[in-house]
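Below: the structure, in structure tokens.
There are 2 protein chains.
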Amino acid sequence: MIPITPIRLTVDCVVFGLDDTDLKVLLIRRGIEPFLGSWALPGGFVLPAESVEDAARRELEEEAGVREVFLEQLFTFGEVERDPRGRVVTVAYYALVNLHDHPLTAATDADDVGWFALEDLPALAFDHDEILRVAAERLRGKVRYQPIGFELLPEKFTLSQLQGLYEKVLDRTLDKRNFRRKVLAMGILIDLDEIQQDVAHRAARLYRFDENLYRQRTERGFNFEL
Amino acid sequence: MIPITPIRLTVDCVVFGLDDTDLKVLLIRRGIEPFLGSWALPGGFVLPAESVEDAARRELEEEAGVREVFLEQLFTFGEVERDPRGRVVTVAYYALVNLHDHPLTAATDADDVGWFALEDLPALAFDHDEILRVAAERLRGKVRYQPIGFELLPEKFTLSQLQGLYEKVLDRTLDKRNFRRKVLAMGILIDLDEIQQDVAHRAARLYRFDENLYRQRTERGFNFEL
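Protein chains in written order, with numbering that gives the first Met the number 0: chain A, 0 to 225; chain B, 0 to 225.
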């Protein structure tokens, strides 16, 4: 006989978004104990009839109003003492949200929800600061070798916006000329032959990332690197 | 009140080893139902008083006699129907074992244990073929950008052994001259000024990977790539 071990399973989601100034993360304010009133990652218990990933998507929608976004499993945090309620193991996910085209609605389950700059976070409940640290490290590592950064941009973007994304995620300044040359040489962007509308500065050309071009090039041995 | 969800938590371990001919994986033959008599990854239920990673290390030792090896979390498999016993979520790990310096002892808990070439595997229990596929993909992706491959080699190795490792993991032939030039240019190997003993062919120089050199170089912006 296999005992039902008294281990409970939760999901937690690190949702990244990018605005004109910062890389941001979505937090909810807890409406129940423990850590009542503290800011925390959206998440909750996995239900018996749903997959772990479905639980993450459900919690994202219920607590933060986030739907149909890029979502990837991050890491499972399984230390014995990580939750004051007893033995709770959490499977963490990270999501990338395009704040430009899909501004978020208010949360339903949570008391309050807000976007915080990664550089200026409040104290977090549980081990959520550690989960967030691991997520930011994953994002920084992955954005250079896989085209996931485009998930944070509007569908049509300028090369300055793309460069800004990399500068904010990697937290360093990039040379404009080099960056553009490298990006365009990859041959995975489509020049839309359009320019920005309603901007104060000189309107720039708009591009979009082409998933099919990327796949075709990858099959022929191309490695994305920025 | 928080219900104890009837979800049970296991760990499963993909143990890779390298011999002169193949990249191999360690399997155990199941002594209990379900899948009695089938080959499977070593693993088992997480105990309430141990961390998830400790559970993986315990199962590796109990079932496969593997101790003190490189072990890293791979992915958590959380589909609803993945285990005929009911709702069981498994946290998968992968381990890299140096078969040259540490030949394994026989298993204790398992009926039988064996090394199988990745190219010639038996049918596996549960979704273990899927877990193994994800592990092999991770190894192939990671070995190029992080110096984890050295875990599969003896402490002192020849450049031919190192090249063989990359050829077996990546499943392609590499140009000898280019490979050596690239490896030595990284400046993370120590030439031991020794040659192989007791080999039939012409004895080759021995090297070792230097973790400190690697860290120092990485801090100065070096990126491992092979």
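No residue lacks a Cβ here, since even glycine has one placed at the ideal position from N, Cα and C.
Keep in mind that this is a model prediction, so the values were computed, not measured.
Nearest to residue i (by Cα), restricted to the options the options
| i | options | result |
| --- | --- | --- |
| Leu98(B) | Phe149(B), Arg143(B) and Arg171(B) | Phe149(B) |
| Ser50(B) | Glu218(A), Gly77(A) and Glu224(A) | Gly77(A) |
| Glu227(B) | Gly42(B), Asp53(B) and Thr75(B) | Nothing can be reported for residue 227(B), as the shown portion of chain B is limited to 0 through 225. |
| Leu59(B) | Leu26(B), Gly30(B), Glu32(B) and Phe74(B) | Leu26(B) |
| Gly113(A) | Trp38(A), Glu166(A) and Leu138(A) | Trp38(A) |
| Arg7(B) | Lys181(B), Glu32(B), Pro47(B) and Glu62(B) | Pro47(B) |
| Cys12(A) | Arg29(A), Ala55(A), Arg28(A) and Phe44(A) | Ala55(A) |
| Ala91(A) | Arg137(A), Val198(A) and Leu188(A) | Arg137(A) |
| Arg29(B) | Asp111(B), Gln162(B) and Ile187(B) | Asp111(B) |
| Pro33(B) | Glu71(B), Phe115(B), Arg81(B) and Arg57(B) | Arg81(B) |
| Val65(B) | Gly140(B), Ala116(B), Val45(B) and Tyr93(B) | Tyr93(B) |
| Phe156(A) | Val198(A), Glu118(A), Arg139(A) and Glu129(A) | Val198(A) |
| Arg179(B) | Glu224(B), Glu61(B) and Ile130(B) | Glu224(B) |
| Gly43(B) | Leu161(B), His127(B), Val79(B) and Leu95(B) | His127(B) |
| Glu166(A) | Val142(A), Arg219(A) and Glu129(A) | Val142(A) |
| Ile187(A) | Asn222(A), Leu164(A), Ala203(A) and Asp170(A) | Asn222(A) |
| Val96(B) | Pro146(B), Glu118(B), Thr89(B) and Phe69(B) | Phe69(B) |
Contact set between residue i and chain A, taken where Cβ atoms lie within less than 8 Å
| i | result |
| --- | --- |
| Thr75(B) | Val51, Gln72, Thr75 and Val90 |
Beta-carbon neighbours of residue i, restricted to chain B and to distances below 7 Å
| i | result |
| --- | --- |
| Leu8(A) | Thr4, Ile6, Leu8 and Val88 |
Under 7 Å from the C-beta of residue i: neighbouring residues of chain A
| i | result |
| --- | --- |
| Glu78(B) | Ser50 |
Interface residues of chain A facing residue i [CB-CB closer than 9 Å]
| i | result |
| --- | --- |
| Val68(B) | Chain A residues near Val68(B): none, gap ~19 Å exceeds 9 Å. |
Distance between residue j and residue i (C-alpha atoms, nearest Å)
| i | j | result |
| --- | --- | --- |
| Arg190(A) | Ser159(A) | Reading off the sequence shown, one finds Asp at residue 190(A), where the question assumed Arg. Distance between the alpha carbons of Asp190(A) and Ser159(A) is about 14 Å. |
| Arg201(A) | Arg86(A) | 57 Å |
| Arg132(A) | Pro41(A) | 15 Å |
| Gln215(A) | Leu35(B) | 44 Å |
| Phe125(A) | Arg84(A) | 10 Å |
| Val45(A) | Leu173(B) | 46 Å |
| Leu123(B) | Val10(B) | 16 Å |
| Ile130(A) | Phe74(A) | 8 Å |
| Leu120(B) | Gly163(A) | 47 Å |
| Gln72(A) | Arg139(A) | 15 Å |
| Glu61(B) | Leu161(A) | 51 Å |
| Met185(B) | Glu218(A) | 28 Å |
| Glu118(A) | Asp170(A) | 10 Å |
| Phe220(A) | Thr89(A) | Looking at the sequence shown, residue 220(A) is not Phe but Gly. Their backbone Cα atoms lie some 37 Å apart in a straight line. |
| Ile196(A) | Pro5(B) | Strictly speaking, residue 196(A) in this sequence is Gln, with Ile absent from that position. Going from the Cα of Gln196(A) to the Cα of Pro5(B) covers about 54 Å. |
| Ile147(A) | Arg57(B) | 36 Å |
| Val79(A) | Asp192(B) | 47 Å |
| Lys181(A) | Ala203(A) | 18 Å |
Cβ-based burial, residue i [other Cβ within 10 Å; buried from 16]
| i | result |
| --- | --- |
| Ala134(A) | buried |
| Val168(B) | buried |
| Tyr144(A) | exposed |
| Gly205(B) | Here residue 205(B) turns out to be Leu, not Gly, going by the sequence shown. Result: buried. |
| Arg176(B) | exposed |
| Ile194(A) | exposed |
| Ala116(B) | exposed |
| Ala63(A) | buried |
| Ile31(B) | exposed |
| Leu183(A) | exposed |
For the region 151-166 of chain B and the region 13-29 of chain B, state whether three or more C-beta atom pairs, one from each stretch, are separated by less than 8 Å.
yes
Quick check: the region 21-35 of chain B against the region 208-217 of chain A, are there 3 or more CB pairs under 8 Å?
no
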